[in-house]
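Chemist: Count along the sequence shown starting at 1, add 25, and that's the number in our numbering. All C-beta atoms, glycine included, are put in the ideal place defined by N, C-alpha and C. All values derive from a computational prediction rather than experimental measurement.
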Amino acid sequence: MLNDIQLLTGLGWGPHFHSQLTPEEWGATLPHRVMAVHRGQLVLSNGGEDLFLDLAGKILTEDRLKHATIGDWVVIERLTGDFLRVLDRKSLFKRKAAGSAHQHQLVAANVDTLFIVTSCNDEFNLSRLERYLALSYDSEVEPLIILTKADLCLDPGKYIGNVRKMDSRVLVEAVNALDPDNLKCLESWCKAGQTIAFMGSSGVGKTTLVNNLGASNQKTGAIRKDDSKGRHTTTHRSLLPLKDGAILLDSPGIRELQIADCEVGLTVLFADIERLSQNCKFNDCRHDGEPKCAVEVAIQKGTLDTRRLKNFNKLMAEQRHNAATLVERRKADKDFGKLSKSAICAKKGKQSY
26 MLNDIQLLTG
36 LGWGPHFHSQ
46 LTPEEWGATL
56 PHRVMAVHRG
66 QLVLSNGGED
76 LFLDLAGKIL
86 TEDRLKHATI
96 GDWVVIERLT
106 GDFLRVLDRK
116 SLFKRKAAGS
126 AHQHQLVAAN
136 VDTLFIVTSC
146 NDEFNLSRLE
156 RYLALSYDSE
166 VEPLIILTKA
176 DLCLDPGKYI
186 GNVRKMDSRV
196 LVEAVNALDP
206 DNLKCLESWC
216 KAGQTIAFMG
226 SSGVGKTTLV
236 NNLGASNQKT
246 GAIRKDDSKG
256 RHTTTHRSLL
266 PLKDGAILLD
276 SPGIRELQIA
286 DCEVGLTVLF
296 ADIERLSQNC
306 KFNDCRHDGE
316 PKCAVEVAIQ
326 KGTLDTRRLK
336 NFNKLMAEQR
346 HNAATLVERR
356 KADKDFGKLS
366 KSAICAKKGK
376 QSY
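(1) If you draw a straight line from the alpha carbon of G290 to that of N71, how long is it in whole angstroms?
(2) Excluding the 5 residues flanking D163 on each side, which residues of the same chain have their C-beta closer than 6 Å to its C-beta?
(3) Please report the distance separating the alpha-carbon of D137 from that of G39.
(4) Look at I171 and V195 and say whether their C-beta atoms are less than 8 Å apart.
(5) Should G37 go down as buried or exposed, given a rule of 16 or more other Cβ atoms within 10 Å for buried?
(6) Are the beta-carbon atoms of G239 and K231 separated by less than 8 Å?
(7) With a Cβ-Cβ cutoff of 8 Å, do C215 and D269 count as a contact?
(8) For E74, which of helix, strand or coil comes out of DSSP?
(9) Please classify T47 as buried or exposed, where buried requires at least 16 neighbouring CB atoms within 10 angstroms.
(10) Near D80, what residues of its chain come up, given a Cβ to Cβ distance below 7 Å and the 5 sequence neighbours on each side ignored?
(11) Bridge partners for L67 per DSSP, in chain order?
(12) Just how far apart, CA to CA, sit G82 and T220?
(13) Looking at C-beta atoms only, is the number of pairs between the region 311-324 and the region 187-203 that lie closer than 8 Å three or more?
(14) Name the two residues that bound the continuous beta strand (DSSP E) containing T173.
(15) Since T233 is in the alpha helix (DSSP H), which residue starts that stretch and which ends it?
(16) Per DSSP, T54 forms a beta bridge with which residues?
(17) Looking at the structure shown, is T138 part of a helix, part of a strand, or coil, going by DSSP?
(18) Does DSSP classify P205 as helix, strand or coil?
(19) Which residue or residues does DSSP assign as beta-bridge partners of V197?
(20) Could you compute how far the alpha carbon of N201 sits from the alpha carbon of A271?
(21) Would you give the residue range spanned by the beta strand (DSSP E) that I272 belongs to?
(22) How would you call Q31, buried or exposed, if buried means at least 16 neighbouring beta carbons within 10 angstroms?
(23) Quick check on this structure: which residue in E155, L211 and D147 has the alpha carbon closest to the alpha carbon of S227?
(24) Out of curiosity, what's the CA-to-CA distance linking R156 and L334?
(25) Rounded to whole angstroms, what's the CA-CA distance from C210 to N308? Just pull it up for me.
(26) How big is the Cα-Cα spacing for C305 and V322?
(27) Skipping 5 residues on each side, what residues in its chain have a beta carbon closer than 8 Å to that of L33?
(28) Consult DSSP for K35 and reduce its assignment to one of helix, strand or coil.
(29) Could you check what DSSP says for P316 in three-state terms: helix, strand or coil?
(30) Among the candidates T54, R103, A159 and L265, whose CA atom is the shortest distance from the CA of L294?
(31) So, helix, strand or coil for K190, using DSSP?
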């Protein structure tokens with residue numbers, strides 16, 4: 026068991042997950058982390074071996090939010106290789122599925138820190154950073170804003186100051202991503218057992234940053250024979266180890282997140298505007314010309330930035346739209362299920378209730 030835990034710790038195992046297994050379960054089961062999800066299969070690892078597990082049967086529960094995704098920990102029977110359950114998560118990134126489905130799509134689970142990467146040049150955009158921060162807060166993941174290309178900027182402190190004016194709680198570091206020695210300021214977030222994800226626009230230096238933090242694709246060992254439940258494989262992993270022991274969750278989906286069911290994150294991020302709104306004359310004040318609007322008074326006094334209010338309204342509108350389409354889709358799915366059940370019962374000559 027001790028050796029198992031040592032191997033699992035290298036993948037991000039910790040007390041939150043350990044407490045969910047009884048001593049008896051440790052003898053009969055072994056946790057695995059989901060390293061990737063593709064082609065209808067989960068790629069799992071226990072720190073020593075990799076395993077493919079088909080996405081079928083018990084793995085696919087009716088609740089989509091309980092499906093296994095990258096970063097999840099799942100319990101597997103030692104003897105049979107059967108899937109038993111997904112362990113409770115510390116955090117979860119999700120998004121509105123593409124197209125007309127209007128459903129949630131799971132992106133990544135159990136991330137400890139989100140590295141939000143931008144650069145000290147014209148790419149720097151506070152409204153974009155606020156979007157990323159809202160997603161981070163809603164997913165219960167600690168954000169760290171990393172300002173790259175600080176070596177090419179005359180005054181990196183100006184960018185740091187703008188970030189802190191936007192949100193005084195968020196941590197920010199300015200770095201030269203090309204210099205590994207300059208990245209020592211990130212060491213406290215890259216310790217063994219930590220899982221990190223990256224978010225940011227193209228061209229800000231994410232790849233350079235990742236490479237100089239020591240990310241590398243790992244290959245598996247020997248292939249186990251005659252395993253009907255799965256097989257070992259050499260595979261590109263979506264969870265990559267860093268040189269200081271942390272795990273990088275490398276998922277393109279993280280970079281494509283939209284605001285959907287993100288009301289908590291927006292409330293946390295824009296707590297200043299929410300507090301001001303409580304003093305508006307009307308409860309449904311839109312802060313756009315209504316009489317006795319406390320938010321507009323703050324803008325006139327210079328204690329609230331107009332850009333911040335505009336982005337708040339934009340993100341809240343996006344949140345309301347995406348949340349509404351999700352609700353509509355859920356209702357349509359429920360109504361379709363009732364209709365299908367009625368049709369089946371009618372075909373069998375039975376009355377449905």
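Modeler: According to the structure data:
(1) 33 Å
(2) C287, V289 and G290
(3) 12 Å
(4) no
(5) buried
(6) no
(7) yes
(8) coil
(9) exposed
(10) Strictly speaking, residue 80 in this sequence is Leu, with Asp absent from that position. The answer, listed in chain order, is G65, Q66 and L67.
(11) V62 and L78
(12) 29 Å
(13) no
(14) E167 to T173
(15) K231 to N237
(16) E102
(17) strand
(18) helix
(19) I170
(20) 20 Å
(21) I272 to L274
(22) exposed
(23) D147
(24) 13 Å
(25) 45 Å
(26) 10 Å
(27) P56, R58, N71 and G72
(28) Note that residue 35 corresponds to Gly in the displayed sequence, not to Lys. If DSSP states are grouped into helix, strand and coil, G35 belongs with coil.
(29) coil
(30) A159
(31) helix
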